[in-house]
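S.K.: Residue numbers (the working numbering), protein chains in the order written: chain A, 2 to 255; chain B, 20 to 304.
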């Protein structure tokens, strides 16, 4: 397989919470239309790193980064970058499903509405498309104007994915998207990720190594704020180079 | 007696004690209400609500007082509501955690505890004299706004704080700005709580007499106020005035006026409870 284009790339990234160095000199590239998984024990920095990719950490007092993160070869931490524009390109799905306390329809079209789009037909069309993409349409088409909070956890999470897709990003960041879900919902989301990668670049943080093995093309192992190893998923799981990686994936710690 | 017996006994003992404590509060309130109703209910009629104040007790009414109270209520709401909510939003959503912010926060909490008469003195100096508003409705409403502002700010912040972080993050992640997130997510989700706080603050303002007396609200106002610059009186001042007179008939008037004042406060509190209940049912995280 020929090498794909690097959609996202971190170069010498350091991240601090106040004086605490949370990420140490991270350099890694995420290829277009591929699934890249971040694994590692709790507190290793994988979520922090994921959240630097759409600058979600900007709101944390005392957080700062050094180094570069390139999206389509442009540094997203440049001064003139507007975070709202950035986040239209880099969508995010969170660990715990977080639908807004509004109707299902309002959830899906929120991203478009805040951009000022008012065309009802366009909004409805987008809602249907993204809900179909996330295989939720058949389940919710009769209750689009009912509260999203009445959905099951798995449905809520697929709604949150639909919501992220509605503003047509090119990258989708997923922070342990299935850790709060049952196995059946998890399987659905994993299938969905497989489908989505045709059109999106996906970066996923997971605690579940089987999951990383099933769905990702590349895997990065983080430990104590360092990127210990980055390789093709198969390679990383079958012949890890670093003993820390080996210990982690064989379940000796974590 | 075994250990678990002893624990059960303690449990029971506290329950009895708790019921007793609850009952004391309620009993005092009940006795007060019954007493007031016996004294004043017979005095409430159309004339009492529509008559101007008079030196003769049987001809005196509370028309100017309750119109004044409604005016004060309206003006205070219009002034304190936007100021307090905006300040609450700023402190909770925008202000960076710094020494300055902490000092600001502590001071606002302290302000809620300052005796109301102090606000009256402040109002006298600033609004009545410096801004030359005199003993007008506007001066009174501004003074009461200062008084309830800390309450509105604190309850707004509490209500906003109850909105989970995940909702804000969800909104930011979709490209929303801070203001869009506040406007479309945080405010609707916390509106019930904010409104409850505002209404409770209003019902506090309705009952205040001291700061208004200080700024020169009069006990005897022969005309109902027609504009914010008019002189005025309010129910608590009217009550205070009547109670301080020796004649028994004025005491009856006072009791009747108290019933009207209580009614206004109960209605306000009732609305607050209803709103809280309604919004809580709508939103479950």
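Glycine included, each C-beta is placed from N, C-alpha and C at the ideal position.
Note that the structure is a prediction, hence the values are computed from the model and not measured.
Since residue 16/A sits in a beta bridge, which residues does DSSP pair it with?
M.R.: According to DSSP, residue 16/A bridges with 24/A and 66/A.
S.K.: List in chain order: all unbroken alpha helix (DSSP H) runs of 4+ residues lying wholly within the stretch 60 to 109 of chain A.
M.R.: Runs of the alpha helix (DSSP H) inside the stretch 60 to 109 of chain A: 84 to 90.
S.K.: Residues in the same chain with beta-carbon distance under 7 Å from residue 230/A, minus the five sequence neighbours each way, listed in chain order, please.
M.R.: Excluding sequence neighbours, residue 230/A sits near 222, 237, 241, 242, 243 and 246.
S.K.: Which residues does DSSP list as the beta-bridge partners of residue 224/A?
M.R.: Note: residue 224/A sits in a beta bridge opposite 227/A.
S.K.: Can you find the residues in the same chain that come closer than 6 Å, C-beta to C-beta, to residue 171/A, ignoring five residues on each side of it along the sequence?
M.R.: 90, listed in sequence order.
S.K.: Could you say which of 224/B, 167/B, 153/B and 168/B lies nearest to residue 253/B if we only look at CA atoms?
M.R.: Selected option, being the one with the closest Cα: 224/B.
S.K.: So what does DSSP say about residue 305/A, is it helix, strand or coil?
M.R.: Outside the modelled stretch of chain A, which goes from 2 to 255, sits residue 305/A, for which no answer is possible.
S.K.: Mind checking which residues open and close the beta strand (DSSP E) that includes residue 39/A?
M.R.: Taken as a continuous stretch (DSSP letters only), the beta strand (DSSP E) holding residue 39/A covers 36 to 40.
S.K.: Please classify residue 189/A as buried or exposed, where buried requires at least 16 neighbouring CB atoms within 10 angstroms.
M.R.: When all chains shown are included, residue 189/A counts as buried.
S.K.: Let me see if you follow: with CB-CB separation under 7 Å, is residue 212/B close to chain A or not?
M.R.: Chain A contact via Cβ: absent.
S.K.: Output the boundary residues of the alpha helix (DSSP H) element that contains residue 197/A.
M.R.: Start and end: 184 to 197.
S.K.: Using 8 Å as the Cβ pair cut-off and three pairs as the minimum, do the stretch 207 to 221 of chain B and the stretch 176 to 185 of chain B touch?
M.R.: Short answer: they touch.
S.K.: Please identify, using Cβ separations under 7 Å, the residues of the stretch 166 to 184 of chain B that lie next to chain A, in order along the chain.
M.R.: If the cut-off is 7 Å between Cβ atoms, the stretch 166 to 184 of chain B has nothing near chain A.
S.K.: Using the beta-carbon count (16 or more within 10 Å), is residue 27/A buried or exposed?
M.R.: Counting Cβ neighbours within 10 Å, residue 27/A comes out buried, since at least 16 surround it.
S.K.: What residues are listed by DSSP as bridge partners for residue 11/A?
M.R.: According to DSSP, residue 11/A bridges with 29/A and 70/A.
S.K.: Excluding the 5 residues preceding and the 5 following residue 277/B in the sequence, name in chain order all residues of the same chain whose CB lies nearer than 7 Å to its CB.
M.R.: Excluding residues within five positions, the ones whose Cβ falls inside 7 Å are 55, 59 and 258.
S.K.: Where does residue 233/B sit, in a helix, a strand or coil, going by DSSP?
M.R.: Looking at residue 233/B - three-state DSSP - the assignment turns out to be helix.
S.K.: Ends of the alpha helix (DSSP H) at residue 173/A?
M.R.: Run containing residue 173/A: none in the alpha helix (DSSP H); it sits in the beta strand (DSSP E), 172 to 176.
S.K.: In angstroms, rounded to a whole number, what distance separates the CA positions of residue 157/A and residue 149/A?
M.R.: Computed Cα separation, rounded: 7 Å.
S.K.: Does the distance from the C-beta atom of residue 177/A to that of residue 207/A stay below 7 Å?
M.R.: Cβ atoms of residue 177/A and residue 207/A: closer than 7 Å.
S.K.: For the alpha helix (DSSP H) that contains residue 127/B, what are its first and last residues?
M.R.: Segment 118 to 130, the alpha helix (DSSP H) holding residue 127/B.
S.K.: Starting from the beta carbon of residue 203/A, find every residue of chain B whose beta carbon is closer than 7 Å, and list them in chain order.
M.R.: In chain order: nothing, as chain B lies at least about 15 Å away.
S.K.: Quick check on residue 204/A: does DSSP put it in helix, strand or coil?
M.R.: Note: residue 204/A maps to strand in three-state DSSP.
S.K.: Which of the three DSSP states, helix, strand or coil, is assigned to residue 197/B?
M.R.: Residue 197/B falls in the helix class under three-state DSSP.
S.K.: What does a CB cutoff of less than 8 Å around residue 109/A pick up in its chain, not counting 5 residues either side in sequence?
M.R.: 127, 128, 131, 132, 160, 163, 164 and 167, listed in sequence order.
S.K.: Run down chain B in chain order and give the residues with a C-beta less than 9 Å from the C-beta of residue 19/A.
M.R.: By Cβ distance, chain B contributes nothing, its closest Cβ being about 11 Å from residue 19/A, past 9 Å.
S.K.: Name, going along the chain, the residues of the stretch 93 to 111 of chain A whose beta-carbon falls closer than 7 Å to a beta-carbon of chain B.
M.R.: Here the close residues are 93, 95, 97, 99, 101, 102 and 111.
S.K.: Please determine if the stretch 89 to 103 of chain A and the stretch 188 to 208 of chain B are in contact, where contact requires at least 3 C-beta pairs separated by less than 8 Å.
M.R.: The stretch 89 to 103 of chain A is in contact with the stretch 188 to 208 of chain B.
S.K.: Which parts of the stretch 142 to 170 of chain B are runs of the beta strand (DSSP E), unbroken and 3 residues or longer, counting only runs that do not cross its ends?
M.R.: The qualifying runs do not exist here; there are none.
S.K.: Kindly indicate which three-state DSSP category residue 220/B falls into: helix, strand or coil?
M.R.: If DSSP states are grouped into helix, strand and coil, residue 220/B belongs with the helices.
S.K.: Which class does residue 144/A belong to by DSSP, given the choice of helix, strand or coil?
M.R.: Reduced to three states, the DSSP call for residue 144/A is helix.
S.K.: Which residues bound the alpha helix (DSSP H) around residue 210/A?
M.R.: 210 to 216 is the extent of the alpha helix (DSSP H) around residue 210/A.
S.K.: Give the residues of chain A in contact with residue 124/B, contact being defined as C-beta atoms less than 7 Å apart.
M.R.: Those do not exist, as residue 124/B stays about 15 Å from chain A at its closest Cβ, beyond 7 Å.
S.K.: Per DSSP, what kind of secondary structure is residue 6/A in: helix, strand or coil?
M.R.: Residue 6/A: coil per DSSP, three-state reduction.
S.K.: Going straight from the alpha carbon of residue 34/B to that of residue 43/B, what length do you get?
M.R.: Their backbone Cα atoms lie some 14 Å apart in a straight line.
S.K.: Please compile the residues from chain A whose C-beta is within a distance smaller than 9 Å of the C-beta of residue 294/B.
M.R.: Here the premise fails: no neighbours, minimum Cβ distance about 16 Å.
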